[in-house]
Each structure stands twice: as C-alpha cells, then as structure tokens.
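In full-length UniProt numbering, the protein residues as written are 1 to 340.
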C-alpha cells in the first residue's frame with residue numbers, strides 16, 4: 001500500500017481523498033489547519049486516512065510538512081490562494097516542491113491553473129492573482145529534473161459544482177430560473193471534481209506518462225446559454241441566461257466578506273496589507289474576463305479534449321450530463337468556504 005500526503009480539506013482535496021481512499025490502495029495523510037473542522041472529521045472517517053495538524057500562523061509548518069512527506073511515496077499539493085494570497089501562494093508552492101524533494105518523495109502532483117498572464121502578453125485585464133500565483137510555481141517546476149522525484153501538473157479551472165453556489169440561479173417571479181453571470185458570449189472551462197480526482201489517480205498509476213506532464217483538464221467549455229439549456233433539459237423547468245454587469249455580480253457575491261468586494265484576497269492568513277495585492281472585486285472582475293475570452297475552446301483558455309477522452313474515456317463531457325449525475329435542482333450548496 002502506497003502512502004500519500006494530501007494538502008488541505010477543501011472540496012478539491014476532499015474529492016481526491018474520497019477516490020483514493022475508496023480504492024484500498026493508499027494510506028493517506030491529510031495536512032490540515034484544523035483537525036476538528038467538519039471537513040477534516042468527515043475525511044478522517046474514511047478508511048486509511050490519518051490527519052496531520054498544520055500548526056502555522058502563515059502558510060505551512062515546515063517541520064510538520066517535512067516529517068509527513070518523509071513517510072510518503074507521493075504528495076498532492078493544492079495550495080489555497082484565497083487563504084494565502086498571491087505572493088505567499090507562489091512562495092509556498094515552490095518551497096513545498098523543494099521540501100518534497102528533500103524528503104525523497106517519489107512523485108509530486110501539483111494542482112495548478114493556466115498561466116494567462118504569459119498567454120496574453122501580460123494583459124492587465126486578465127491578471128487574476130490566484131491563477132498567476134500558481135502559474136509561477138508551474139514555471140519553476142518545468143525547470144526541474146524529472147528524476148529522482150517525478151512531477152506532474154494538473155491544471156483545472158472553475159469547479160462545475162460552483163453552479164450550486166457562485167453561479168447558482170435565482171428564481172424570477174414568473175417561475176424562470178435565471179443564471180445571472182457576467183460572461184457575455186464567453187465560455188467557462190468547468191471541471192467536475194470527481195473527474196479531477198480521477199485525473200490525479202491516473203497520474204499516480206501512469207507515472208511513465210505523467211512525469212513532467214502539464215495537463216490542462218476540463219469537463220466542457222460552457223456558455224451561459226449552454227448552462228440554462230442544460231438546466232431545462234435536466235429539470236424540465238424554464239431557465240434563461242442573463243448577462244450581468246460584473247460590478248453587480250461582485251456586490252451580490254461577496255457580501256459576507258469583512259469589506260465586501262473590497263476585501264483583499266489572502267486576508268485570512270496574511271495580516272500585512274502590503275503583502276496582499278488584489279481585492280476580491282478586482283480579482284474576480286478579471287476572472288470573468290478570462291472566460292469572456294475563452295469562447296468555443298478557441299480563445300485564451302483551451303483544452304485538448306481528445307487527449308482527455310483518451311485518459312478518461314468515461315469522464316463527464318457536458319453540463320447536462322453532470323446535472324443528471326448529481327440530480328441538480330439549482331439549490332444552493334456550499335462549495336467555497338470563504339463564502340460561508
């Protein structure tokens with residue numbers, strides 16, 4: 001049985017732990033800031049799962065991480081850009097790679113995002129801190145040898161599960177479900193979290209192919225109309241996509257943050273405002289710009305769906321397929337803890 005170290009108990013790490021635990025092939029160490037959180041307790045109840053407390057004021061406890069990594073065959077790294085902020089996320093992504101190598105880990109899998117700054121010629125309207133922070137780590141990884149520690153990058157995007165929270169519909173007075181999103185004629189490269197976990201498992205099982213691989217994954221590039229049409233096809237209820245001004249979306253979405261959309265990304269961990277750059281409003285205004293520029297899988301963010309079909313032939317391929325799988329009703333369910 002192989003031993004793996006998984007960072008965090010968020011939705012992405014939870015999906016990975018659920019799948020790997022279910023195989024009976026792994027003993028999993030879960031590094032978490034709070035071993036008594038509902039998410040941590042839920043994961044600890046799974047077979048072959050052990051919690052490791054990450055006691056640190058800012059980021060990760062190096063001694064704890066190194067000791068855990070020395071017990072493992074592989075490490076899955078998904079740093080939380082919303083908790084850390086852009087600057088700290090870049091530092092910790094690189095540092096955790098170095099520590100994993102020092103611990104003689106056999107394989108590190110990094111959960112990444114597209115380097116849209118580089119792809120767009122560093123156009124400021126596409127500057128999204130939680131994307132760029134991860135992307136710089138990926139550039140560092142590309143400069144590293146693939147032996148003795150194998151490395152893989154799995155670039156994802158917005159969870160399709162966000163249709164239950166960030167992108168959930170509202171019900172109009174005439175009974176129509178409105179998907180009000182600042183997407184214009186763009187498309188969102190959604191990823192189903194269950195499939196994301198399966199890509200991680202594939203990378204672990206096929207190291208000869210995944211070593212040094214920078215794999216962009218997605219379920220589908222979905223337009224606003226695609227989402228509304230899928231909802232109607234799934235539920236039989238009328239739905240419509242409404243193009244919403246991003247300022248309105250930001251104002252509605254971040255009401256629970258201390259300063260609303262003016263709250264700085266990373267405020268939960270970093271107490272020095274000089275080390276925090278973008279507000280949630282700035283970050284997500286540009287976040288929507290990414291998808292406005294990605295229509296039809298021909299723009300800024302692109303995916304090789306033929307390759308993804310080869311890797312996971314049974315992957316979810318359409319919004320409607322995902323909605324049917326989860327019995328989607330448009331009901332709001334928590335996905336991002338920051339909104340709670």
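Backbone N, C-alpha and C fix where the C-beta goes; we use that ideal spot for every residue, glycine too.
Item                                                                                                                         : Value
Sequence-distant residues of its chain with Cβ nearer than 7 Å to residue 220 (five each side left out)                      : 190, 317, 318 and 319
Local Cβ density within 10 Å of residue 24, reported as buried at 16 or more and exposed below that                          : exposed
Reduced DSSP category for residue 179 - H, G, I as helix; E, B as strand; rest coil                                          : strand
Cβ contact check for the region 81-100 and the region 132-141: 3 or more pairs under 8 Å                                     : yes
DSSP bridge partner residues for residue 214 (one or two, in chain order)                                                    : 153
Candidates 21, 279 and 207, of which the one nearest residue 1 by Cα                                                         : 21
Nearest-angstrom Cβ-Cβ length linking residue 193 and residue 161, presumed shorter than 8 Å                                 : 6 Å
Residue 328 in three-state terms, based on DSSP                                                                              : coil
Per-residue DSSP class, three states only, for residue 201                                                                   : helix
DSSP bridge partner residues for residue 191 (one or two, in chain order)                                                    : 159
Selection from 226, 129, 300 and 165 that minimises the alpha carbon distance to residue 275                                 : 129
Residue 13 (DSSP reduced to helix, strand or coil)                                                                           : helix
Three-state secondary structure (DSSP) of residue 349                                                                        : Since the displayed the chain opens at 1 and closes at 340, residue 349 lies outside it and no answer follows.
Neighbourhood of residue 350 by C-beta distance below 7 Å, restricted to the same chain and skipping five residues each side : The displayed coordinates of the chain run from 1 to 340. Any statement about residue 350 would go beyond what the structure contains.
Same chain, Cβ closer than 8 Å to residue 295, five either side skipped, listed in chain order                               : 185, 186, 187, 221 and 223
Distance between residue 166 and residue 333 (C-alpha atoms, nearest Å)                                                      : 10 Å
Buried versus exposed call for residue 122 [16 or more other C-beta atoms within 10 Å across all chains shown]               : exposed
Within 7 Å, strictly: CB atoms of residue 16 and residue 203                                                                 : no
Limits of the unbroken beta strand (DSSP E) element including residue 76                                                     : 74-77
Beta bridge counterpart(s) of residue 50 as assigned by DSSP                                                                 : 29
Residue 63 in three-state terms, based on DSSP                                                                               : helix
Completely contained beta strand (DSSP E) runs for the region 226-251, where each covers 3 or more residues                  : 239-243
Boundaries (first-last residue) of the beta strand (DSSP E) holding residue 107                                              : 107-112
Residue 269 (DSSP reduced to helix, strand or coil)                                                                          : coil
7 Å Cβ cutoff met for residue 86 and residue 277                                                                             : yes
CB of residue 78 within 7 Å of CB of residue 13, strictly                                                                    : yes
C-alpha gap between residue 49 and residue 28, whole angstroms                                                               : 5 Å
Sequence-distant residues of the same chain with beta carbon closer than 6 Å to residue 241, five excluded per side          : 179, 224, 225 and 228
Residue from 217, 310, 209 and 264 whose Cα sits closest to the Cα of residue 195                                            : 217
Close-in-space but distant-in-sequence residues of the same chain around residue 66 (CB under 8 Å, 5 per side omitted)       : 99, 102 and 103
Opening and closing residue of the alpha helix (DSSP H) in which residue 133 lies                                            : 129-142
For residue 290, the first and last residue of its enclosing alpha helix (DSSP H)                                            : 280-292
Residue 250 vs residue 261 beta-carbon contact at 7 Å                                                                        : yes
Nonlocal neighbours in the same chain, by C-beta distance under 7 Å from residue 69, ignoring five residues either side      : 5, 75, 99, 100, 103 and 105
Beta-carbon gap between residue 31 and residue 52 smaller than 7 Å                                                           : yes
Beta strand (DSSP E) segment containing residue 5, residue limits                                                            : 2-7
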